[in-house]
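In terms of full-length UniProt numbering, the sequence shown has 19 at position 19, counting the first letter as 1, and numbering is strictly consecutive. Heads up, the thing below is written out as structure tokens.
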Amino acid sequence: MADQAVQTGKKQVLEPMPANERRVIHLELRDNAYVTTESTGDEPFRKVTIVPKK
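Okay, here's the thing in structure tokens:
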């Protein structure tokens, strides 16, 4: 999904997931030079959004 965000230049919103799964995504992408991540929404429907850096 990070590659897709970079290629399209658009945010990629993932499906709602538990906090531990969201954390894994944030940790995996934290050192990625091309994207940032953020969690949005309210529990139990919080989603990870992968945002391409400009």
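Heads up, the beta-carbon is just placed ideally off N, CA and C, and yes, glycines get one too. Note that the structure is a prediction, hence the values are computed from the model and not measured.
(1) How far does the beta strand (DSSP E) with E21 in it extend, from its first residue to its last?
(2) Please classify A19: is it buried, with 16 or more other beta-carbons within 10 angstroms of its beta-carbon, or exposed?
(3) For the beta strand (DSSP E) that E38 lies in, which residues bound it at each end?
On the basis of the data shown:
(1) What you label residue 21 is simply residue 21 of the sequence shown in a count that begins at 1. For E21, no beta strand (DSSP E) segment is defined; the enclosing uninterrupted segment is the alpha helix (DSSP H) at A19 to L29.
(2) Counting from 1 along the sequence shown, the entry for residue 19 is found at position 19. A19 should be labelled exposed.
(3) Within the sequence shown, the letter at position 38 stands for residue 38. E38: member of the beta strand (DSSP E) spanning V35 to T40, first to last residue.
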